[in-house]
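Residue 147 in full-length UniProt numbering sits at position 147 of the sequence shown; the count goes up by one each step and never skips. Beta carbons: idealized from backbone N, C-alpha and C, even for Gly. One structure is given below, encoded as structure tokens.
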Amino acid sequence: MLRNLYALLVGIDEYPKPGDCLKGCVNDIKAVKDYLEQRFASDNYQLCIQTLLNKDATREAIIKGFQKHLSQANSNDVVLFYYSGHGSQEENIPEEFLRFEPDKKNETLYCYDSGLPGHWHLADKELNKLIREVAVKDPHICVILDCCHSGSGTKDPSPDVVERSAPADQRSRPRETYLVGVDELAELCTSHRSKRSSTGWDFMGRHILMAACEDRDTAKEVEINGKKRGIFSYCLLESLEQPGKLTYRELWQKTTNAVSRELEKRSRTQFPQLEITPPDQDNLLFLDGAIAERVSYFTVRHDEKSGWVIDGGGVHGVQPPAGEETTVLALFEFDCNVRDFQDPDKSIGEAKVTEVLPQKSKLEISSDTNLSTESVYKAIVISLPLPAHGVYIEGDAAGVTLASEAIQLATMGNSPSVYIRQVTNRDDAQLWLQCRNQEYWIRLKDDDRSLVAPIQGFTPDNAKRAIERLEHIARWMTIRDLSSPPASRIQPDDIEMELLFEGENGSPKEKEIRRQYQYKQGDLKPPKCQLKLTNKSQKSLYCTVLDLTDRFAVAAPFFEAGYVRLEPGQTALVGNGKYIKFTVDRVLQEQGITETKDVFKLIVSTAEFDARLSTQHALDVPRVLTKCSFKQSTLNRLMDRVQSRTAGFEEEETYDDWYTTSVTITSVLPSK
Numbered sequence: 001m002l003r004n005l006y007a008l009l010v011g012i013d014e015y016p017k018p019g020d021c022l023k024g025c026v027n028d029i030k031a032v033k034d035y036l037e038q039r040f041a042s043d044n045y046q047l048c049i050q051t052l053l054n055k056d057a058t059r060e061a062i063i064k065g066f067q068k069h070l071s072q073a074n075s076n077d078v079v080l081f082y083y084s085g086h087g088s089q090e091e092n093i094p095e096e097f098l099r100f101e102p103d104k105k106n107e108t109l110y111c112y113d114s115g116l117p118g119h120w121h122l123a124d125k126e127l128n129k130l131i132r133e134v135a136v137k138d139p140h141i142c143v144i145l146d147c148c149h150s151g152s153g154t155k156d157p158s159p160d161v162v163e164r165s166a167p168a169d170q171r172s173r174p175r176e177t178y179l180v181g182v183d184e185l186a187e188l189c190t191s192h193r194s195k196r197s198s199t200g201w202d203f204m205g206r207h208i209l210m211a212a213c214e215d216r217d218t219a220k221e222v223e224i225n226g227k228k229r230g231i232f233s234y235c236l237l238e239s240l241e242q243p244g245k246l247t248y249r250e251l252w253q254k255t256t257n258a259v260s261r262e263l264e265k266r267s268r269t270q271f272p273q274l275e276i277t278p279p280d281q282d283n284l285l286f287l288d289g290a291i292a293e294r295v296s297y298f299t300v301r302h303d304e305k306s307g308w309v310i311d312g313g314g315v316h317g318v319q320p321p322a323g324e325e326t327t328v329l330a331l332f333e334f335d336c337n338v339r340d341f342q343d344p345d346k347s348i349g350e351a352k353v354t355e356v357l358p359q360k361s362k363l364e365i366s367s368d369t370n371l372s373t374e375s376v377y378k379a380i381v382i383s384l385p386l387p388a389h390g391v392y393i394e395g396d397a398a399g400v401t402l403a404s405e406a407i408q409l410a411t412m413g414n415s416p417s418v419y420i421r422q423v424t425n426r427d428d429a430q431l432w433l434q435c436r437n438q439e440y441w442i443r444l445k446d447d448d449r450s451l452v453a454p455i456q457g458f459t460p461d462n463a464k465r466a467i468e469r470l471e472h473i474a475r476w477m478t479i480r481d482l483s484s485p486p487a488s489r490i491q492p493d494d495i496e497m498e499l500l501f502e503g504e505n506g507s508p509k510e511k512e513i514r515r516q517y518q519y520k521q522g523d524l525k526p527p528k529c530q531l532k533l534t535n536k537s538q539k540s541l542y543c544t545v546l547d548l549t550d551r552f553a554v555a556a557p558f559f560e561a562g563y564v565r566l567e568p569g570q571t572a573l574v575g576n577g578k579y580i581k582f583t584v585d586r587v588l589q590e591q592g593i594t595e596t597k598d599v600f601k602l603i604v605s606t607a608e609f610d611a612r613l614s615t616q617h618a619l620d621v622p623r624v625l626t627k628c629s630f631k632q633s634t635l636n637r638l639m640d641r642v643q644s645r646t647a648g649f650e651e652e653e654t655y656d657d658w659y660t661t662s663v664t665i666t667s668v669l670p671s672k
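Below is the structure:
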């Protein structure tokens with residue numbers, strides 16, 4: 001079926017005030033337009049591009065671009081809004097808006113006429129409304145903003161670097177000049193919001209946001225190859241030049257590395273951001289929306305201060321060296337196919353972890369490996385320093401033999417699994433694999449229940465599937481058991497995590513929380529709570545909450561960027577104060593399961609990190625033979641779309657620290 005790609009491309013260099021003018025925004029937009037025409041002008045796409053440059057990019061024209069152009073998109077279509085220009089802030093906002101803004105300011109796009117008398121900026125709430133209106137028909141929406149809104153209006157002292165931030169508007173703006181009415185504010189914002197996202201933008205509706213920088217950072221334009229360009233736009237388009245398709249995560253990783261590399265030459269920094277709603281869709285293909293196969297890997301890059309590093313550290317479960325043993329990784333070209341991870345001939349070398357920091361790890365590259373410091377690579381773990389989880393295999397000889405062989409061939413190059421190991425002593429096993437009646441059963445020690453659906457048939461392929469599931473569960477256990485380093489300077493009371501259950505005063509103090517469904521107006525309603533984080537320390541802290549489910553999914557569903565930054569004394573109500581429901585999925589109810597658990601894993605660091613690296617999908621639901629087989633609790637928030645539900649919302653080099661703790665919530669259906 002032919003898909004429409006509706007693009008609204010906005011670039012502004014020539015502002016009416018000479019001091020506001022830029023030089024690279026129009027070049028950015030022309031390059032984006034060229035890319036779209038070259039890559040998407042095919043039998044599969046109908047390109048519908050509207051371009052607004054300089055004096056044509058007024059506030060009214062941008063609004064009409066959304067309402068008349070982008071709003072044509074239907075569920076099978078793709079929408080791109082690309083803005084290259086100044087960002088800014090409005091300081092004297094209407095009184096009705098104040099309770100929705102912790103900093104008492106609106107974040108804005110600085111349109112061509114925004115600085116003229118009688119004309120205004122395009123505020124975040126207005127842009128939010130425009131995006132939400134486009135999202136009604138459920139197209140795939142991507143928003144890319146190469147601007148910043150620090151509001152300082154300061155100039156970089158270097159003539160080669162210009163910051164895309166206009167001075168804050170200090171005029172008092174009448175309420176009636178906004179697209180958003182007072183009655184809409186509660187829908188577009190929430191009075192519970194106490195901390196905005198890492199970019200400063202808070203948009204509703206299903207979408208992807210790629211932003212040039214954090215809200216406290218600045219987007220820069222520089223001269224490259226004789227042309228002024230936004231460094232973010234230039235690096236993003238360079239990353240897209242490779243053959244094949246990239247996921248949003250891959251594109252963000254490549255772009256971030258390229259931006260860092262280019263700005264290191266100029267002694268500057270800038271940190272692009274990727275925010276996704278819903279947060280677990282980072283494996284969608286760029287300007288496509290199709291879901292790519294999810295495979296766990298790290299990104300390898302060269303850092304000017306640290307040398308070669310991966311983007312995984314202690315908060316992601318990377319193990320530090322233990323004596324002579326350490327984590328070993330196989331390296332691949334960034335544009336490799338995920339199936340290449342199983343082929344040693346496709347590997348370009350190996351690396352060893354020499355030091356584990358909270359959000360990254362330092363590497364020693366093998367002497368026979370030639371890497372370019374200008375490039376970024378992918379890496380997978382092929383050896384771990386600590387003992388893998390023990391698996392005891394018992395039962396029918398044919399099944400045992402195949403499973404034992406599969407463990408020894410589980411890693412690239414037909415090497416033994418790095419996550420599990422076969423043990424001969426039952427007491428050394430954390431997991432059991434039973435081979436009986438032509439089925440593979442995975443269970444815990446001293447528990448006859450199958451953790452996942454049994455695999456039927458003793459064949460090499462089925463034995464491989466069983467081992468892959470055991471590895472999946474072992475990775476889940478590693479995240480669950482993640483503990484703070486002994487020397488951490490982050491104290492347990494530096495961050496307070498509160499679960500505010502509906503109808504209750506205060507947050508439970510216990511680590512094991514149990515709540516039942518309640519009858520309300522004749523219907524059974526699941527327990528639900530708000531999740532609140534408060535920084536009680538005297539330092540800035542980066543926080544995330546992982547959701548570990550009973551189907552062995554690890555999700556980072558609560559923050560669009562994978563984390564939230566809290567300043568001293570600052571509070572964040574997760575999901576802008578929306579309630580999180582803990583439901584027993586109907587599929588589970590039909591199998592006699594009446595209790596489910598979610599483990600909420602709080603991870604705190606003094607440095608930015610990406611918790612989304614730890615995520616993995618859910619495994620399938622075990623078969624229930626009798627209802628009495630499931631009297632005890634199980635964990636639950638199933639990420640699998642077919643057989644699962646979500647514990648989701650109701651509708652100089654610094655050596656950083658980190659800390660973690662957990663809370664378990666059990667949701668119980670009453671007996672019938």
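Reduced DSSP secondary structure (H/G/I, E/B, other) of residue i
i, result
"residue 288", "coil"
"residue 314", "helix"
"residue 598", "strand"
"residue 543", "strand"
"residue 430", "coil"
"residue 476", "helix"
"residue 74", "coil"
"residue 589", "helix"
"residue 408", "helix"
"residue 436", "strand"
"residue 711", "The question about residue 711 has no answer, for the chain in this structure spans 1 to 672."
"residue 106", "strand"
"residue 396", "coil"
"residue 374", "coil"
"residue 332", "strand"
"residue 2", "coil"
"residue 319", "coil"
"residue 660", "strand"
"residue 93", "coil"
"residue 82", "strand"
Nonlocal neighbours in the same chain, by C-beta distance under 8 Å from residue i, ignoring five residues either side
i, result
"residue 460", "402, 405 and 406"
"residue 66", "8, 81, 130, 131, 133 and 134"
"residue 495", "533, 534, 535, 536, 537, 541, 543, 566, 602, 604 and 659"
"residue 398", "435 and 458"
"residue 616", "294, 296, 472, 475, 476, 552, 553 and 554"
7 Å Cβ shell around residue i - same chain, five flanking residues per side excluded
i, result
"residue 642", "At residue 642, the pLDDT of 25 sits below 50, so the modelled position is not reliable; the number obtained from the coordinates is stated separately. No residues qualify anywhere along the chain."
"residue 53", "11, 26 and 29"
"residue 470", "391, 420, 431, 433 and 442"
"residue 13", "21, 22, 23, 25, 26 and 54"
"residue 374", "261"
"residue 382", "328, 329, 330, 411, 412, 415 and 418"
Any C-beta of chain D under 8 Å from that of residue i
i, result
"residue 435", "No chain D appears in this structure, which consists of one protein chain only."
Close-in-space but distant-in-sequence residues of the same chain around residue i (CB under 6 Å, 5 per side omitted)
i, result
"residue 484", "659 and 660"
"residue 473", "552"
"residue 144", "82 and 210"
Proximity winner among the options, relative to residue i (alpha-carbon distances)
i, options, result
"residue 321", "84, 19, 539 and 384", "384"
"residue 550", "565, 140, 537 and 599", "599"
"residue 516", "372, 544, 595 and 91", "595"
"residue 716", "618, 257 and 84", "This structure gives no information on residue 716, because the portion of the chain shown stretches from 1 to 672."
"residue 249", "228, 210 and 221", "210"
"residue 208", "163, 177, 139 and 148", "139"
"residue 509", "17, 663 and 254", "663"
*Is the stretch 363-371 close to the stretch 443-453, with three or more CB pairs under 8 Å?*
no
*Can you find at least 3 beta carbon pairs, one from the stretch 48-61 and one from the stretch 261-275, that sit closer than 8 Å?*
no
*Are the stretch 22-41 and the stretch 70-84 touching, with three or more C-beta to C-beta distances below 8 Å?*
yes
*asked:* Measuring CB atoms only, is the stretch 381-399 touching the stretch 418-427, in the sense that at least three cross pairs come out at less than 8 Å?
replied: yes
*Which residue spans inside the stretch 224-304 form an unbroken beta strand (DSSP E) run of at least 3?*
227-230, 273-277 and 298-303
*Every unbroken beta strand (DSSP E) inside the stretch 491-567 [3 residues or more]*: 495-501, 512-516, 518-520, 523-525, 528-535, 541-549 and 564-566
*Does the stretch 174-186 come close enough to the stretch 235-246 to have 3 or more Cβ pairs within less than 8 Å?*
no
*asked:* Give the list of continuous alpha helix (DSSP H) stretches no shorter than 4 residues that lie fully inside the stretch 104-149.
replied: 124-135
*contact_flag[the stretch 342-361, the stretch 306-324] where n(CB pairs < 8 Å) is 3 or more*: yes
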